[in-house]
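S.K.: Residue numbers (my numbering), protein chains in the order written: chain A, 209 to 902; chain B, 10 to 573. Okay, here's the structure, questions in a sec.
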Amino acid sequence: MSNYIVTVKQVPDITQITGNAFNPETGTLKRGTLPSVINKLDADALAFANKMKHLSPGKIVCLTMGPPKSSEVLTYSLSRCADHAVLLTDRVLGGADTPATANPLAYAIRKIAKDIFNGNDDYVVISGMQSVDGDTAQVPAQIAEELQIPCIAYATEVESINGKFRIEKIVSGGNQWVSPKALPYVVTVANYEYPLFASFRRSRWANKFAVINWTADDIKPTLFGYDGSKTRVTRVFPPPKGARKNKHCHNIDEFVKELVSTYKKGRSSGAFEGEETDYIVPSDRPGGLFQRNYEGTDKEINAYKQVTQALSKLGITKVDQLNESLVERVQEHLQEKLTKKMLQEMIEGYKTTQTSYSGDVWVIAEHDGKKTNDVTCELLGKATHLAKPLGVRVGVVIAGYQCKHMANDLIAAGADDVHIIEDVLLEDFRPGPYRNAVVDAIKKHNPQIVLFGATPQGRVLAPMIAYRLGCGLTADCTSLDIRDNSRQGNIAILMQTRPALGGNIMATIITKDSKIQMATARLGVMKKNRPDHSRKGNIIEHSVTLAESDVGFDIIKTELSGGSANLSNADVVVSGGRGLRNKDNYDKLVSDLAAVIRKKLDCQVELGASRAAVEQGFINRTHQVGQTGTAVSPRLYIALGISGAIQHLIGIENSEIIVAINSDPLAPIFKHSDYYMVGNAEEIVPQITEALRH
Amino acid sequence: MEIKEKDNTHISILVVGAGPAGLAAAIAARSANKDADIAVLEKGEAVGNHNLSGAVLETASLKRLLDEARPDWRTIKGADSILGREVKDDEVQLLLGKELAVNISFLMKICKKLGLSFGEICNDGNSIVSISKLTRLLGEIALSLGIEIYTGFGVKEILYDQDNRKAHGVKLVDQGLDKEGNPQPNYIEGETITADIIILAEGTDGLVTEDFVVKAGLNRKNDQVFSVGVKEIIRVSQQKYESFGDNRVIHTMGFPLWLPIFGPAIFGGGFAYSCGENEIAVGIIAGADWKYYNFNPQKALEDFKQHTVIREYVDGGEIIEAGVKMIPEGGYYAVPRYLPSGSDEKTMKTVGYKNVMIIGDSAGFVNMKKIKGLHNAIESGALAGNAAIKCLETPEKAADEYTRKLESNSVMDEMKSARNFRAIVARFGQAIGVPLSIAGNLLPRFTMEKDYKTMTSRKFTFYTPGEFDKPTFVALAVTEHREEQPSHLSILDPSLCINQCDSLFNRACITFCPAGVYEKIGIDTRPANPSNCVHCKTCQRKCPFDNIRWTVPEGNGGPKYKLM
């Protein structure tokens, strides 16, 4: 007997984004053109909760936070399985980032346990792993952190053995069955087949159901709204246009020709981080302290350029000469007029010349016990690039059991300091002990930037650590740069850019009200340093006291899929999805095509698969491409019968050329491909293989 | 909180279909009785998703309805822009070949002055509307009045008690079956919903309506016939839009469907309307009694867009939405009615039976002289809604009351006056038929053949080469269904496709289905891509062997029209 709280969110239906959804002039999404729906993974979470309820009876309460309209998702939940519904709605809760969302939700959960469950704490919080509009996957982990309860992330199945739940979850390269030690805990659902349908009977009941409305006063959260947020969006812009050619090919010969010729044209940029840096602190700038060409946007840079020229004409060269009265005098020398407020801010901005943060740039390493993962080296490449102009060191934290031997490789990859934390409780990754270990090291050394990989591990660990340290965190960054935001008095801050709304827009985010700037970075985006084994670095061993009680759940078994797909280094990846229908088709179509390409293009070709294909047993999990599998960046990615779920698209977007074959003309993958054919893969692929043979 | 079975599966007034007719019925009923228990079922994922029309609307019925129900409706956000585009430039062009056009607007105006039938095509005082947007507005108003609307529920059949000769409810479509029809873990059997009064407002060729027609023994004097309408919304440059104008409607006759003497002869025409925001709606309406085995209305639209009169405006534009639907054109004689035994000319023949009323396109209230049905859909809906309230205590009298209201109302007057128009054209062709129709009401009743019987092995010559890009079209209709469900389309006798259709008509469904649902697989013709279906139902009416059946798929599937 346990109760269930499902957090649900209303999101814009990004599957309905068509040409009409964007403003033709600005390229941004038109407000209100997309209908609102329940976040797909939250619908999966409801089905997951319903299954748990059947295994161990109890009440299901659905909870959402948002404007009054978001009660629609509560009606959705009630019409499927929920017994009760709570809407958290209050203007003061709006404009929140993830910690300022997680905090009120956690307080509401406490109140649900008290009021609706009559003080019974035997409950499970079930959330979709992430929302389609934010894609951060941070809120559920931060709810767990606020409630000080374990978080079991990326669940895909649940069963009950001897009255105890066993949960299957995705881990890098495989699956894991775990058993929670005690209630309550948070489960995030990465995927659950068979979302529930509404019944008419329930829908009618739901329609009349009096949803409980709570305001901030009812729950008294400690962190909420814009003021409680630790990050701020500074810019939203359309993703770079023309990135994909989106060419619809109608015949095989044309398709094959395009594919081969674009492949042979080759890669435009190298795979390693270059030497040059693109930031200089104000005190070292050749043009002096007044040179401000490292602002966040070109527009700001241009404005500063003009004002700097004007100041020079007025003979102002020192910070102490700056004052309010300059505003009008500067205005006279400008070609394009700026608002008075903006000018005031800009002039004020010249006064700040010191960097806003201090400390080193850190990377939290990820490893399998034998060697570190690629993403760690990628992050070290980026960290070197960020640390150099700031004149600080690159640190890396590696937590585990008997993991010292990896230190030298980390130094070769760019680390100056390797912080090693070893404990038997750190042997397998579990968020509780890992969080404690890493938080401990951070508190001792106070870095200014901490980077994690946006992996199943990093995406649960980072939000917990950020929440515990009260720092901002940006998920899934595709670009990280040191820039100034002089008007706000920010110098040398980390500008964190990431796609949002399923890649339909880009957002640049900065950290606020935090001592540390934290980010998770997408796999395969950042470039490694060329390994240098002659580099020297410090190895610092930390001792940490961990308790069995931090563990949260027992690992029953881990199934790391055998084989060694080397997806991340392949030149070409040929992937198959559910559209291939069965394992025989997968084996035949994908392998044949891969073999022919290997011969024709003389390169390294690997087999990949969508998550759906792996679930269906077409091939083992090591071949899974996507956010929850391996992110790939081959020169050529071929998707056969893959519709293009967002998690898959994220994992392939750094491929140089993407080609797709799918029978559904609406398949999202087409929008993300360079060349595509609409049709049945079973018919088309053998013809392509044949055409490539000659 | 316990879910009480009975409270939630019985409804006083149940409306099947949340289109303009069904919502008008619900709104009229609710405004006549604030406490009435009214629910509307809709198979689409959201209200408005499955609604497509030209559309130029005679607004009187709608305004009357809304003034009554929500006197402040004009202040609702968006109401203004949805109904505010009055027709100012109204023209009719006769297209003779690909380049030539004769503006015959003045002729139509003279006809109107003289009171001649085809003058009724004139649109002074009417508004250009998006029916999809209008339906969403009606849905919003209905909800605000306390009407319950449930989207995503397909109705499988009407529950009709043959012993008592009475309908007592409907059965919903099963949810959660796999492709082979086996229940998945999330399976929900289609529920039974009982109701005192049922209003059938499914739109063209309603499945439950036809089920009811058979079960209750309703009759049509003439078989229902259809047209297929294809529509695209094209975003053009500001300059081109300004030259087209913001309040303009163009209707065309002739090219590409019909050319005098030796040209093709398909009933129908084209249109182009201003939609605001630099968008122009263009479309073709083609009588489904076409004779050409290779005809596809989308190709005809492509040709139409190449005509000088249209190309001038839409060339280089971007298609932002597209869709297809059928229009019931049989008119007065094709309205399904109940004929009591021993009835004579004087006996009232109800449109529906006892507690079941049929409204809008499901009844076939399209006036072919005006080429409009929307105003009648709304009007008939309002009448049915009022009849339902009047008969709440005596539900079995509802169809009587409704029919009495219809007969004394403009709906039936119009339908009667246009009763022979379509049939005369079908019989005599457009060149003679259209002028002859002036005398239409003096002539006897002409019968028409069902559309599927007219197919021949004659070939239609299209002007634009190549095959129509159906996948893109389907994407622009934003249609989808859950893939893992049984096909909602079936071919009754595969051997007909192989042995007869193949040689005679080259498997016409593969060509005419606008969504590319049908494919030749091996030697069979199969509904290979049912998830692409845009719910136009052309296949079940035009398969030359009457060999295709359309059933209602799991709820939430189908197109997602936003601007249609």
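Using N, Cα and C, we set each Cβ at its ideal position, and we do this for glycine too. All figures in this text were calculated on a predicted structure; none of them were measured in a lab.
Going by DSSP, what residues sit across from A/N211 in a beta bridge?
M.R.: Translated into positions along the first sequence, residue 211 of chain A becomes position 3. A/Y331.
S.K.: Which residues, in chain order, does the stretch 337 to 367 of chain A contribute to contact with chain B at a C-beta distance below 7 Å?
M.R.: none
S.K.: Would you list, in chain order, the members of the stretch 408 to 442 of chain A that have their beta-carbon closer than 8 Å to a beta-carbon of chain B?
M.R.: F408, R409, R410, S411, R412, W413, N415 and F417
S.K.: Only counting the same chain, and skipping five residues up and downstream in sequence, which positions put a Cβ closer than 6 Å to that of A/Y367?
M.R.: Locating residue 367 of chain A in the first sequence gives position 159, where the first residue counts as 1. Here residue 367 of chain A turns out to be Glu, not Tyr, going by the sequence shown. The answer, listed in chain order, is R374.
S.K.: Pick helix, strand or coil for B/D555, following the three-state DSSP scheme.
M.R.: Residue numbering aside, residue 555 of chain B sits at position 546 when the second sequence is read from its first letter. Here B/D555 sits in coil by DSSP.
S.K.: Does the distance from the CB of A/I657 to the CB of A/D568 come in under 9 Å?
M.R.: Position 449 of the first sequence, counted from the first residue, corresponds to residue 657 of chain A. Position 360 of the first sequence, counted from the first residue, corresponds to residue 568 of chain A. Contact: yes.
S.K.: Hey, out of A/G785, A/E823 and A/G336, whose CA is closest to A/C359's CA?
M.R.: Indexing the first sequence from 1 puts residue 359 of chain A at position 151. Ranking A/G785, A/E823 and A/G336 by Cα distance to A/C359 puts A/G336 first.
S.K.: Using C-beta distances below 8 Å, list every residue in its chain close to B/V375, excluding the 5 sequence neighbours before and after it, in chain order.
M.R.: The residue you call residue 375 of chain B lines up with position 366 of the second sequence. The residues are I336, P337, E338, G340, K381, G382 and N385.
S.K.: Reducing DSSP to helix, strand and coil, say where A/E503 ends up.
M.R.: Here the question's residue 503 of chain A lines up with position 295 in the first sequence. The answer is strand: DSSP assigns A/E503 an E or B state.
S.K.: Which value, in whole angstroms, describes the spacing of the CA atoms of A/T283 and B/L66?
M.R.: The sequence position of residue 283 of chain A within the first sequence is 75, counting from 1. The sequence position of residue 66 of chain B within the second sequence is 57, counting from 1. Roughly 35 Å between the two C-alpha positions.
S.K.: Looking at the C-beta of B/P273, does it have a partner C-beta in chain A at a distance below 9 Å?
M.R.: Locating residue 273 of chain B in the second sequence gives position 264, where the first residue counts as 1. No, B/P273 lies away from the interface with chain A (no Cβ there is under 9 Å from its Cβ).
S.K.: Apart from the five residues on each side of it in sequence, which residues of its chain come closer than 8 Å, Cβ to Cβ, to B/R454?
M.R.: Counting from 1 along the second sequence, the entry for residue 454 of chain B is found at position 445. These residues qualify, in order along the chain: K230, N231, Y342, R428, N429 and A432.
S.K.: Alpha carbon to alpha carbon, what distance is there between A/Y315 and B/L152?
M.R.: Numbered from its first residue, the second sequence carries residue 152 of chain B at position 143. Numbered from its first residue, the first sequence carries residue 315 of chain A at position 107. Distance between the alpha carbons of B/L152 and A/Y315: 33 Å.
S.K.: When the Cα of B/L513 is compared with those of B/A176, B/M464 and B/K165, which residue comes out closest?
M.R.: Your numbering for residue 513 of chain B matches position 504 in the second sequence. The closest CA to that of B/L513, considering only B/A176, B/M464 and B/K165, is found on B/M464.
S.K.: How is A/M726 classed by DSSP in three states: helix, strand or coil?
M.R.: For the purposes of this step, residue 726 of chain A is taken as residue 518 along the first sequence, with counting starting at 1. Assignment of A/M726 by DSSP, reduced to helix, strand and coil, places it in the strand class.
S.K.: Who pairs with A/I912 in a beta bridge, going by DSSP?
M.R.: Not covered by the structure: residue 912 of chain A. The range shown for chain A is 209 to 902.
S.K.: Answer with yes or no whether the minimum CB distance from B/S540 to chain A is below 9 Å.
M.R.: The residue given as residue 540 of chain B occupies position 531 in the second sequence. So yes, B/S540 belongs to the interface.
S.K.: Quick check: the Cα distance between B/K551 and B/E423, rounded to an integer number of angstroms?
M.R.: Position 542 of the second sequence, counted from the start, is the residue given in the question as residue 551 of chain B. Position 414 of the second sequence, counted from the start, is the residue given in the question as residue 423 of chain B. Roughly 28 Å separates the two Cα atoms.
S.K.: Does DSSP put A/R625 in a helix, a strand or coil?
M.R.: Locating residue 625 of chain A in the first sequence gives position 417, where the first residue counts as 1. Just to set this straight, residue 625 of chain A is Asp in the shown sequence, not Arg. For A/D625, the secondary structure class from DSSP, reduced to helix, strand or coil, is strand.
S.K.: Could you tell me which whole alpha helix (DSSP H) segments of length 4 or greater appear in the stretch 749 to 819 of chain A?
M.R.: 799 to 809
S.K.: Within this structure, are the beta carbons of A/A645 and A/L634 separated by less than 9 Å?
M.R.: As a working mapping, residue 645 of chain A is identified with position 437 in the first sequence. As a working mapping, residue 634 of chain A is identified with position 426 in the first sequence. Yes. Within cutoff.
S.K.: Does the distance from the C-beta atom of B/C284 to that of B/I137 stay below 9 Å?
M.R.: Counted from its first residue, the second sequence places residue 284 of chain B at position 275. Counted from its first residue, the second sequence places residue 137 of chain B at position 128. Result yes, Cβ atoms of B/C284 and B/I137 sit closer than 9 Å.
S.K.: Which residue or residues does DSSP assign as beta-bridge partners of B/L109?
M.R.: Position 100 of the second sequence, counted from the first residue, corresponds to residue 109 of chain B. Paired residues: B/L105.
S.K.: Compute the beta-carbon to beta-carbon distance between B/N287 and B/V245, rounded to the nearest angstrom, for a pair I have assumed lies under 8 Å.
M.R.: To locate residue 287 of chain B, count along the second sequence from 1; it is residue 278. To locate residue 245 of chain B, count along the second sequence from 1; it is residue 236. Between B/V245 and B/N287 the Cβ distance is about 6 Å, and since that is below 8 Å, they are a contact.
S.K.: A/M726 to A/T344, Cα distance in whole Å?
M.R.: Here residue 726 of chain A refers to the residue found at position 518 when the first sequence is read from its first residue. Here residue 344 of chain A refers to the residue found at position 136 when the first sequence is read from its first residue. Distance between the alpha carbons of A/M726 and A/T344 is about 13 Å.
S.K.: Could you check the C-alpha separation between B/K334 and A/R667 for me, to the nearest Å?
M.R.: The sequence position of residue 334 of chain B within the second sequence is 325, counting from 1. The sequence position of residue 667 of chain A within the first sequence is 459, counting from 1. Between B/K334 and A/R667, the C-alpha separation is close to 47 Å.
S.K.: Strictly by DSSP, which residues pair up with B/T534?
M.R.: Position 525 of the second sequence holds residue 534 of chain B. Per DSSP, B/K529.
S.K.: Closest to A/F408 by C-alpha separation, out of B/K314, B/S90, B/L401 and B/V164, would be which residue?
M.R.: Taking the first residue of the first sequence as 1, we reach residue 408 of chain A at position 200. Ranking B/K314, B/S90, B/L401 and B/V164 by Cα distance to A/F408 puts B/V164 first.
S.K.: On the DSSP bridge assignment, give the partners of B/W267 in chain order.
M.R.: Mapped onto the second sequence, residue 267 of chain B falls at position 258. Note: B/W267 sits in a beta bridge opposite B/A274.
S.K.: Secondary structure at B/T84, three-state DSSP: helix, strand or coil?
M.R.: As a first step, residue 84 of chain B must be located in the second sequence, where it is residue number 75. B/T84: helix per DSSP, three-state reduction.
S.K.: For a contact defined as C-beta to C-beta under 9 Å, what are the partners of B/E311 on chain A?
M.R.: For the purposes of this step, residue 311 of chain B is taken as residue 302 along the second sequence, with counting starting at 1. Those do not exist, as B/E311 stays about 16 Å from chain A at its closest Cβ, beyond 9 Å.
S.K.: Suppose contacts are defined by Cβ-Cβ distances below 9 Å. Is A/R440 in contact with A/I717 by that definition?
M.R.: In the first sequence, the residue the question calls residue 440 of chain A occupies position 232. In the first sequence, the residue the question calls residue 717 of chain A occupies position 509. In this structure, A/I717 lies closer than 9 Å to A/R440 by Cβ.
S.K.: May I ask you to list, following chain order, the residues of the stretch 250 to 262 of chain B that have a beta carbon less than 7 Å from some beta carbon of chain A?
M.R.: Residues passing the 7 Å Cβ filter: none.
S.K.: Helix, strand or coil: how does DSSP classify A/Q218 here?
M.R.: Start at 1 with the first residue of the first sequence, and residue 218 of chain A comes out as number 10. Three-state DSSP puts A/Q218 in a strand.
S.K.: May I ask you to verify whether the stretch 245 to 260 of chain B touches the stretch 313 to 325 of chain B, counting CB pairs closer than 8 Å and requiring at least 3?
M.R.: yes
S.K.: Could you tell me whether the Cβ of B/K479 comes closer than 9 Å to any Cβ of chain A?
M.R.: What you label residue 479 of chain B is simply residue 470 of the second sequence in a count that begins at 1. For B/K479, the answer is yes, since a Cβ of chain A falls inside 9 Å of its Cβ.
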